[in-house]
Each structure stands twice: as structure tokens, then as C-alpha cells.
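Enquirer: Residue numbers (UniProt numbering), protein chains in the order written: chain A, 1 to 333; chain B, 1 to 333; chain C, 1 to 333; chain D, 1 to 333.
Each residue gets a CB set at the ideal place from its N, CA and C atoms; glycine is no exception.
Keep in mind it's a predicted model, so treat the numbers as computed, not measured.
Number of protein chains: 4
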Amino acid sequence: MQRFALIGAGFIGSVHAQSLAAHPDVDFRLVYDVDFGRAEALAGRHGARAARTLADAFDPAEVDAVFIASSTDTHAENLRRAADAGLAALVEKPIDLDLARAAETVAYVERAGIPVMVDFNRRFDRDHAELKRLVDAGEVGDVALVQLTSRGPALPPLEYLKVSGGQMRDQTVHFFDLARWITGLDPVEVFVAGSALADPRVAEIGDVDTSAATLRLSSGALVQIDSVRHTGYGYDERIEVLGSEGMAESGRMRAGGVTRFRGPHATSDGLHAGWFERVQPTYAAALGAFVSALETSAPMPATLRDGLAAQAIAEAAARSLITGRAEAIDLAL
Amino acid sequence: MQRFALIGAGFIGSVHAQSLAAHPDVDFRLVYDVDFGRAEALAGRHGARAARTLADAFDPAEVDAVFIASSTDTHAENLRRAADAGLAALVEKPIDLDLARAAETVAYVERAGIPVMVDFNRRFDRDHAELKRLVDAGEVGDVALVQLTSRGPALPPLEYLKVSGGQMRDQTVHFFDLARWITGLDPVEVFVAGSALADPRVAEIGDVDTSAATLRLSSGALVQIDSVRHTGYGYDERIEVLGSEGMAESGRMRAGGVTRFRGPHATSDGLHAGWFERVQPTYAAALGAFVSALETSAPMPATLRDGLAAQAIAEAAARSLITGRAEAIDLAL
Amino acid sequence: MQRFALIGAGFIGSVHAQSLAAHPDVDFRLVYDVDFGRAEALAGRHGARAARTLADAFDPAEVDAVFIASSTDTHAENLRRAADAGLAALVEKPIDLDLARAAETVAYVERAGIPVMVDFNRRFDRDHAELKRLVDAGEVGDVALVQLTSRGPALPPLEYLKVSGGQMRDQTVHFFDLARWITGLDPVEVFVAGSALADPRVAEIGDVDTSAATLRLSSGALVQIDSVRHTGYGYDERIEVLGSEGMAESGRMRAGGVTRFRGPHATSDGLHAGWFERVQPTYAAALGAFVSALETSAPMPATLRDGLAAQAIAEAAARSLITGRAEAIDLAL
Amino acid sequence: MQRFALIGAGFIGSVHAQSLAAHPDVDFRLVYDVDFGRAEALAGRHGARAARTLADAFDPAEVDAVFIASSTDTHAENLRRAADAGLAALVEKPIDLDLARAAETVAYVERAGIPVMVDFNRRFDRDHAELKRLVDAGEVGDVALVQLTSRGPALPPLEYLKVSGGQMRDQTVHFFDLARWITGLDPVEVFVAGSALADPRVAEIGDVDTSAATLRLSSGALVQIDSVRHTGYGYDERIEVLGSEGMAESGRMRAGGVTRFRGPHATSDGLHAGWFERVQPTYAAALGAFVSALETSAPMPATLRDGLAAQAIAEAAARSLITGRAEAIDLAL
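1. Using only CA atoms, which one of A:Ala61, A:Val66, A:Ala22 lies nearest to Ala5 (chain A)?
2. Please tell me whether Thr210 (chain B) has its Cβ less than 8 Å away from any Cβ of chain C.
3. Quick check on the DSSP output: the beta strand (DSSP E) that includes Ala85 (chain B) runs from which residue to which?
4. By the three-class DSSP mapping on this structure, what secondary structure does Ala9 (chain D) have?
5. Compare the beta carbon distance of Ala310 (chain B) and Val173 (chain B) with 8 Å and say whether it is the shorter of the two.
6. What's the call for Met253 (chain C), buried or exposed, on a 16-neighbour Cβ count within 10 Å?
7. For Pro187 (chain D), count neighbouring C-beta atoms within 10 Å of its own C-beta (all shown protein chains included) and say buried if the count is 16 or more, exposed if not.
8. Of all the CB atoms in chain D, is at least one closer than 8 Å to the CB of Phe261 (chain B)?
9. If the cut is a Cβ gap below 8 Å, which residues of chain B does Leu145 (chain C) touch?
10. Would Ser244 (chain C) and Gly232 (chain B) be called neighbours here (beta carbons separated by less than 8 Å)?
11. Ignore the nearest five residues each way along the sequence and tell me which others in Arg229 (chain D)'s own chain have a CB closer than 6 Å to its CB.
12. Pick helix, strand or coil for Thr267 (chain B), following the three-state DSSP scheme.
13. For Val154 (chain D), which residues in chain C fall below 8 Å Cβ to Cβ?
14. At a CB-CB cut-off below 7 Å, which residues of chain C make contact with Leu131 (chain D)?
15. When DSSP labels each residue in this structure, what does Glu40 (chain C) get in the three-state scheme?
16. Are there 16 or more other CB atoms within 10 angstroms of the CB of Tyr32 (chain C), so buried, or fewer, so exposed?
17. Taking C-beta pairs closer than 8 Å, name the residues in chain B that Ala248 (chain A) reaches, listed in chain order.
18. Mapping DSSP to helix, strand and coil, what is Tyr233 (chain A)?
19. Mind pulling the chain B residues with CB within less than 9 Å of Leu271 (chain D)?
20. Report the three-state DSSP secondary structure of Ala213 (chain B) (helix, strand or coil).
21. For the segment 315-322 of chain C and the segment 30-49 of chain D, state whether three or more C-beta atom pairs, one from each stretch, are separated by less than 8 Å.
22. Does any residue of chain A have a CB that is nearer than 8 Å to the CB of Leu134 (chain B)?
23. For Ala213 (chain D) and Ile239 (chain B), what's the separation of their Cα atoms in angstroms?
24. Leaving aside the five residues before and after Leu158 (chain A) along the sequence, list all residues of the same chain whose C-beta is less than 8 Å from its C-beta, in chain order.
25. Taking the straight line between their C-alpha atoms, what separation do you get for Leu20 (chain A) and Val163 (chain A)?
26. Residues in its own chain within less than 6 Å of Pro301 (chain B) by CB, not counting five upstream and five downstream?
27. If you check the beta carbons only, do Gly270 (chain C) and Ala293 (chain C) fall under 8 Å apart?
28. Assuming Val291 (chain C) and His46 (chain C) form a contact by the criterion Cβ under 8 Å, report the distance between their Cβ atoms to the nearest whole angstrom.
29. Assuming Val57 (chain B) and Leu90 (chain B) are in contact, meaning their beta carbons sit under 8 Å apart, how far apart are those beta carbons, in whole angstroms?
30. How should Phe276 (chain C) be labelled, buried or exposed, when 16 other C-beta atoms within 10 angstroms of its C-beta is the threshold for buried?
31. Quick check on the DSSP output: the beta strand (DSSP E) that includes Ser250 (chain D) runs from which residue to which?
32. In the UniProt domain "GFO/IDH/MocA-like oxidoreductase" (129-248) of chain A, which residue ranges form an unbroken beta strand (DSSP E) of at least 3 residues, counting only runs that do not cross its ends?
33. Run down chain A in chain order and give the residues with a C-beta less than 9 Å from the C-beta of Leu242 (chain D).
34. From what residue to what residue does the alpha helix (DSSP H) around Phe120 (chain C) run?
35. Output yes or no for whether 8 Å exceeds the beta carbon distance between Ala102 (chain D) and Ile95 (chain D).
36. Please report how far the alpha carbon of Leu99 (chain C) lies from the alpha carbon of Leu79 (chain C), in whole angstroms.
This is the structure we're talking about:
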């Protein structure tokens, strides 16, 4: 049984609170939030208590592990707190928006030797995980080409986009991680072309909403990632891996299985309305993997180094958007 | 908030216990089972108490509603207890294996006026419910032909089959209900052909494991139901409704979304391993519908009369298997 | 090289004329029709000549084989002519609308010993043929249940229906043949329920437009066939074979491969507009099989006995529609 | 009726010969090949004559149009001959492997004013054409992202690759054309990353067999094209167009419609074995469009300027493979 404190009681914190409450091997003890009332409300819904101070939430007498779901600018600080307190930590990405500071944080935490997992929840998608299993089992042979699609239904609010770090760091970063994870290979360079097509104001804030990224992996294999902020047809996420022996894909997931046949067309249920509906089951699965690794002292299924690598790729990708050329990726951080 | 007692702590009782524990508007109080230890174990896992006696479980001072998931031969008795105690009841089908006794029970309970729902959980399948919505909305026009497929992965143990009442009463009865529910029409006659193909001992106990039923509805529309006990490819359940304006179907549900392409074939994830994996989400949905009807005093989404009708069709179907001719169905019970 | 005369220059005759003209091993010589002008026009389009008399068309000095595509009531007579002239014959079904006369014709022709094939063109559908190959190869194990769907887009003209012999003899007969062919098993009894739903005048002429047939095969395996005259969504033909080891299907064929995603739905190309668009490739394939059997003296892929069997099943099916009970099928004709 | 000469009796010439012979409005007169015997054999199979000399094949007294399917290095010369003779021409791409010489040829032919169509046969694929119709009709709104997949089953012989001009000019060029055609937009720059993964000798001849191209269109919309020479699972060609209002795709085409269900998997017919099986119907359709444009004096559905544009994009793409940066595309040739 692992005793948990949840740091952050916003939207994603409340999602994690549900997973914590439902997990049979978790004792969900504390919730901390800068807004104490919000912490109290969330804790109350799940039989936990609200922590008065951050120090209370990181008290090893009370908890074994913290789930860091606070605002992005506090991830690094909270990771250091966990390291200082000797607590295990499950942390939302990114480690820190500044790559250098993220790298320092990782080094600091590694010296402390606590178990840490970055919450790359898409690694726990049922179909993506099966795809990785097939690739690892050699069913497609040597990887030659990976195609990832990441498309959200509608442009997030501009206020959000302004502080998001840009499409590469906010959206595509998940797929940089998936590409590394599925292939087991690191990328050596990245090229990205992007446009602001959904709303001209996206260009005004120096960002793009539609982009095409190409990665070259260390083996020479290639990766294509298309990232779109506005589809008009729901949330579309897919992965295709082509290798020397064949191809496997984690296909487009439909929100339902009903089809209507009338006249010359067949109309089926489309995709999920948004990313949350699509990836919801991955949150509990990711927490389950973290708890299981803790209890068996197994390696973490997504390390801080993985988090750092995804960020480093995103930085190079953001540069390529500006330079118009393939940018080298340095993962020796 | 509805206070519940669960009657029966076997496999299906434990499934319902999870739904009861997770429902935000349910106060899961008591579990009763003829095996007190089993009741205690199940209650303990979900923060409920084990009832010492049936009377304790039906105590209106303790609970507002009972979930009757005890063995089939006790359904009728427990329904009468709920009626006597003035408790709402959610009951597993069948009401009673004997149709006459089932009819008497329904009359008794109706006189008491308690809210009762028969747990036809398949009505709460995401896709089946959407199909019904489409048919009700007139999207296929007047119904002409309904095709239902009900195929289980492997023959249940012979010991189970011997007491099951036969394929019509045990398996196909769910689909007799779905046919009535989706079309809003009553059948007037039924023909069934059946064989024991999976295991010759099925014939020895007077049952079949593969059957084809044809119903004629009051409008003249037709229904085909194929029921199979052994597929070798998992659990296969589908419904297709053809009408004057087109067709709609609740299609074959896949257990996953990964496809491998090698050589001349594409291999996709197949069907769910068994019926439970396929219909699991329907249990919580059915409970939710019952609670919602209780709280809003709305009509029950599946009444005792619906339960009785499905049983009456199953009786006629079982007769047709023997007579080799279409048997009339009398729903005026 | 086989020299052919085509008997009948109506719609289906003109379809066969194209196949005859395109086949590399066919010398398409003559066209006969009761309307000489029509024969002349069709022959002219394909470099053949119009025959003045039936005798000319059956002249062994001119042709090696005849393709009998004349009106139904002349099939038997033309088969006897082919037998008398010692010509090979490819004949449209049915042999004769009267089963006894059909049986006599078959006996007469068999005594003459000419090679004859009944044009059960659906046996040459790409997917149906592959399905049969799989079943023959044992990939589904012992057949337990076969599901056939036969649905036309719109009710044919009443004038046609009046002389068609009824839905069993005109439409379902093709699927009686497919059931025997794919399973390699003969049916022993048949039950059919039917209704006139598309147009009440169908009932006035003693026919049905929507029917559900159940066959019991000699092994105990069951067959379900749904036959519909009016879908509102195009032409729908499918076959599913479930056996002791698994299932295989020749699925719903789409008229195109384009899908549009907008809002919550995905709209795909639907089915073929009509039966002709769906089965068109089978005509040339059937002719090819006949020619190939002629040139290699191989057994015909669909014999007169097959044609007779399908008709005998249709007769029993038509009786069952009236009696409301399963009718025995006697294939010892 | 259009009288045709076919120039070139190799593999692709023999494909075109079949289309010419089958087209009702084509009088297939002559076949020319540098190997007279080969011309004679092909002509003989289709009721045409072999031309002794090129001059004979371009004789306006004999023919109205030429189909130029000779070796690549003779396309430009044969186009000039057609221009000089005042004959219409349907020409295989490319116009000439050298872009400057191709541009001169186009200018020369345009001065002559003859009707010319480049045989971009993929424009006549049933599904691609429907996709373009949808995009033109505004069903996806303003185009934002186009994804094209072009994957062949197995590496062509090295001898072929050596003279092919490289993957961009030989394979991807078709998809550069499709991207322009479907969107109605010209690209302004292109980036390509490529690797030789199927066979190291591909790198030795300075070519790639796996590549990812990104185009920026004049509107800012993006195009991704993945080109693969070796799949191990057949021929895979798809197009997806995402716009401001939704998405449409010309999906993966299957070679058959049979699915087998056994155990936990469903195995379906896969893709076509090779490009020819997949695109075969497009050849007759392209010829039909050319003849129809000739007979109605309509604009050609694929002009020499279209051919030149595709080549210019391929040149820039080939440069980008070397420079590692996005290369500008100049279509003002």
C-alpha cells in the first residue's frame, strides 16, 4: 500500500484524484493546492485531507509518494522537494519549460536517488502499448518509418497558447516521446514546417497550429508527425510503424460502433470529441504502472531522462520552425 | 442518495458490488448471501456490512432499495419480500424459471406498487442504446427486418447447462428482449431450429448449442436471431435493423484497435474473449439508470412486464424447437 | 478456341455478349433472338452475326457451345436442342419453372452426355470464392451456422414480380445454391417466414418482399438467409460461415473507399446501387470457368443437378411460407 | 472515333494497347517499337498493324492521335514529332529527365497548339477522383494539411533504380502531382529527409528508398508525403486531406473482402500485391478522359504544364535531400 499526496487540485489534478481513490493499493491521504479551498473540496470528494502547507504534503511521516500535478512552473521545485524528503514522485511533464533548468533538476533528483516517473500517459494507451509490444517482438522487423498523428478538435484559448511554450513544447512533445519509446531509438535531427491556419492571431504570438515534423533516428529510420490544433471532426491520434518485415498501426479510435446506411452513404460514429475522452483510461493505467514499479522496485516505465529527451527534441523542433532547416538534436544533457 | 442492500455475493453479485460502491448517489450499506462469510468478504472490500439475515437486508430502516442478484430460484421470493417491505428493487432476470409463477409474482409486486427494474443490462450497451435512439427517431423508417447475433466463445460447463433452462431461456432470452425494446413491437409467433454441434452431450440433456430463431412482429416485420454457444473466436454480439428508409447497426465490437500488415494479410485485434469483457460497462450503466429513475420517479427503463414478455417468448421458442413449426406467442399474462 | 452462339439478346444477353467478345479463347459467332433486329444490333456491336433461326444457332458446323440466355420458359427446350445437337451449353437458371419438367430435362440432357453448366454466377464472386476456399481448407472447422444476406435496393416492377415465381424461386434460390456450394452439404428441411412490407400489392399477388429462411443441413448445421427486395441503401450481399474452429465472412462490399470526417460522424461510401454493379465481374468469371472446363474436360463448376437442387429447395421454401412449418426437402429428383 | 498509334510496345505499352482496343471510340491502328517484332506481336493481339518507321506512326493520314509510351529518353522527341504532324498526344511522364529540356519541349509543343495530356493516371483513380470532388465542393473547407502515402512492396532491381532518376523523380513525382491537383495550390518550398534502408546498395548509387517530404503550399497549407520502396505487405497508397471544416480520405484499398476470425485475431485480406494491381483501372480511365477531351475540345485533365510542375518539385526535393534544408520551388518555367 502506497500513501500518496496529490500536489495540484486543478482539472488534471481532479482526474488524478479519481485514479488515486480507485486504485486498490493506494492510500490517498493528502491534497495540496495554492488555493486551500480547492484542495479541501477535491480531498473531500475522495476521503482525503487537504494539506495546509507544501511541507505538510511532502512529510515522509504521512506519505510515501507525491503526484506532482501543480502548475508547470512549480514542477522542478516540487521535484526537488520530493528528492529532499526522499519521496517517490510521479510528475506531469514538462520538468521545466527551460531546458537547462530541467537538466539541473534531473541531475539533482538523480543524486537523491528517489524513484521518479514522468507521466507520459499516452505510453499507457491500450493500443499504443500493444503496438510497442509488437515492435519490440520484432513483428515489423527493423523500423524504417513511423507516422504519428496528433490532432485536436478545436484551437485552445489564445490565453492558454501564449503560456504553452508553443505547439512543439506543448502538443508535439508527447509524440516525440512516443516515437522514442516505440522505436527504442533516439532522434539525431528534426525538421519542422508549420503554419497558423486556424486563427491568424496564433501567428501574432509566434506560434503555429498546423505543423509537419520529420525526425531522423540514429538508425536512419524516419519519423513523420503531423500536429494540428483544429480538426472540426474531433480528436484524432494514430501511430503507424513500418519496418523491414511489415507494418503495424494503432488505428484511429472511434467513439462508438453504430453505422447507418441510407442511400449511397454509410455514416458511422466518428472520433472522440476531445483529447480527454480519448486518453482518459490512460491516466489510471499510468498511475497503476507507477505504483507497480514502486512495489516491485522495477525500473520506472518513463524516466526523468525520457522527459528531458522529449523536451530537448521539442527545443530543436522549435528552432527548425524558424531556421527552415533540419536541426541537430543533442540528447547528452 | 439511495441506500442499497445487495442480495447475493456470487460472481455477478461482486460485479454489482463494484457498481454500487462507485456510484456517487448510492450509499452501499448491506450485503446478504446464504454464505455469510462470502457476504462479509464482499462487503468488506467495499465498505459495506454483511447482513445476518434476509430480514436485515430488507429492513426499510436501513435501505431504500435492494439489488437482487441471488440464485435464480430465489428471485421471485425476494421480489415479494421487497414488495412487502416497500423497497425498490433491481432484479436479475429471470423473474422465475416457471412462467406461471413468474406471472403471479409480477401481479403480486404490481399490487404493492414498488418501483422495480429487471436488469436487462444489454439495453444499456453504448451502441445498442444509440441504435434504439436512431430507430426511435425514425432514421430507418418502419422496421422490416432485425438481425441479432449472440455468440459465446466456449460451451459453458454441462453442469451449468443442465440447470440453465436451455439455450432459449438462458441465452436467447436477452435478445428476445432487445428485439422488443428496439422495435417497440411485440412478436406474435416464433420458429426455432437448433442443433447440438459443439458437444453431443448437449443433445443428451435435451438442449441445443446452435440455433436460428425467427420472430414475426405484430407489424409483420421479421426478426432473425442466431444463438451460438461456441465460436472459437471470442464473444460476438451485433444488432442490425433494416427499415423502409435504410439500415442501422450496432456492429461487431473489437477488443482493440491494432492492425498488423504482413504479406497478403492484415491481422487485427479480434473480439472480446468472453461476454463479460464485452458487456462489463453495461452493469454500471444499468444501475445508473435504475437510480436515476428512482430519484426522478421516472418510469423504469425495463419493467417486470418486459421481463415476463421475454420469458413468454422464450417458452414459445422452446416449444418450437420441439414441434418444428412456428408457435404463437401470448403476451397477455 | 470455342465457337459460341448466344441465345437471347435482352439485357442479360447483352451482358454475356460483352464477356464472349472479350474472352481470348472464345470465337463469338452467332446471336439468336426472337426479335431478329435485336439480335442483329447486338451481334453487330461485337463482330458476330445474327442467326435467322434457332436451328442456325444450334448448328454444330458453326458452333461448339451455346450460351442460353433466352426467356425462362425456353430454357428447357433450348437445353434439349443443345443435347440433340451435341453442343456444350451454359444456361441461365432456372432450368424450368416447373420442377418436374426441369427434372425431366436434366435426365434428357444427361443421357445425351453434353457438358452443361448452370450460370450460378455468384459462385464466381471474388470474395465468395475465397470464402469457399477457406471453408474447404478447413479453416473454420466443421460448419455450424451459415448466414446469408440478399438485399436489393428497390422493389422490382410488379409486372416482373407476377411472372417471377415469387421471392424464393427468383431471389433466394441463388443463396440456396451458395449455401450448398460453400458447405458441400445438402439441406434436409427449410422454414420460411415472409411479409409484404415494401408494397401491399406484393401480398395481393401472393408474394413476399421480406423473408427469413432457415435451413437444416444434413449434418445438423443451420443456415439463415434474409431476403429483402427494398433496402433504401443499395445492394447488400454477404455470407458468414461459423464453424467449430472459427468464422469467416465474405463481407459487405463498398462501392468506393472515400470517407469524410466532419463533426461527430464519419461518412463513407456506401454499397453498390444495385445488384448488377455488385455482381458484374462474376459474369465474365463464370464464362471463363465454363470455357476452361470445356478445354480441359474438367467437371463443370455448377451442374444441372446443382440447378435442380436449388429449385427443389426453393419449392419447399415456398411451401413453408404457406404452411408455417419446416418442410422436408427431397433432393432425390 | 479517334484513330490512334501507340509508340512503344514494352510492358506499359501493352497495358495501353488493351485500353486502346477496348475503348468504343478508339480506332486502334498502329503500333511502333524500336523492336519491330515486338510491335508486330502486340499489334496482332489487338487487330492493329505494326508501323515500319516512326514517320509511319506519326502520319496524319493514318492517325489522329499518338500514345507515347516509348522509353523516357524519347518522350521529348516524340512530343515534337506529334507537334510537327499536328497530332494529339497522350504522353507518359516525365516529359524529359532534364528539366530545362522538358521546359523547352513544352514551349515548342505549346506553340504548335496540339492537344496534349500527360498520363498522370492516378488522377483517374476512383477514390482519389472522388476525394478531389469533395475538396473542390468545399466539404473540408480550406485545406490545411494533406497526407499522401506511396509505398511499393519490394525494391525494384538496382539496374532500374540506377536509371530512374532517383526516388523523388521516379516515385514521389506522382504524389507531387496529386498534391497540386487535389488542392488546386502550388507548393513554394519542399524539405525531404531520406534513407537507404531496404538495401545498402541504394545508398551507393546515391539514392534513397525511404523518404519523408514536406511541402509548403502557397496558402501556407502543408503536405506530407511518405515514399517507401519496400513494405513487405503489398502496395499501399492513400491520401488524406484535412481542412478547416473536417477531413476526407481516399483510404487504404484492400485486395479482397474476406475476413477470418479465429482466437483473439481477425485476419482480413490485405493490400494489392503491387502497384499495377492497385492502379490498373486508372489506365483505361485516363485514356477515356483524353479521348473525351479530344471529342469535346475540352481542356486536357492533365497538361504539359502540370507535368513540368511535378518535375520542378521533384528537382527541388532531390536538392533538399542533399542540402538538409527546405528548398524553394520555382514553377515559372
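Expert: In this structure, then:
1. A:Val66
2. yes
3. No beta strand (DSSP E) holds Ala85 (chain B); the alpha helix (DSSP H) holding it covers 75-85.
4. coil
5. yes
6. buried
7. buried
8. True, the Cβ-Cβ gap to chain D drops below 8 Å.
9. Thr210, Ala212, Asp226, Val228
10. Here Ser244 (chain C) is near Gly232 (chain B), since their CB atoms are less than 8 Å apart.
11. So the qualifying residues of the chain are Gly152, Leu155, Ala198, Asp209.
12. strand
13. According to the sequence displayed, residue 154 (chain D) carries Ala and not Val. Result: empty, since nearest Cβ-Cβ is about 23 Å, beyond 8 Å.
14. Val258
15. Assigned with DSSP and collapsed to three states, Glu40 (chain C) falls in helix.
16. buried
17. Val258, Thr259, Arg260, Phe261
18. coil
19. Phe261, Pro264, Ala266
20. strand
21. no
22. yes
23. 44 Å
24. Asp199, Arg201, Val202, Ile205
25. 29 Å
26. Ala289
27. Their beta carbons are not under 8 Å apart, which means Gly270 (chain C) does not touch Ala293 (chain C) by this criterion.
28. About 16 Å; that fails the 8 Å criterion.
29. Note on residue identity: the sequence assigns Ala, not Val, to residue 57 (chain B). Ala57 (chain B) to Leu90 (chain B), Cβ: 14 Å. No contact.
30. exposed
31. Per DSSP, Ser250 (chain D) belongs to the beta strand (DSSP E) from 247-250.
32. Annotation: the UniProt domain "GFO/IDH/MocA-like oxidoreductase" (129-248) of chain A contains the following complete segments of the beta strand (DSSP E) (minimum length 3 residues), in chain order: 143-151, 187-195, 210-217, 222-228, 236-243.
33. Ordered by position in chain A, the residues that pass the 9 Å Cβ test against Leu242 (chain D) are Arg151, Thr210, Asp226, Val228, Thr231, Gly232, Tyr233, Asp236.
34. DSSP places Phe120 (chain C) outside any alpha helix (DSSP H), giving it a letter other than H or E.
35. yes
36. 15 Å
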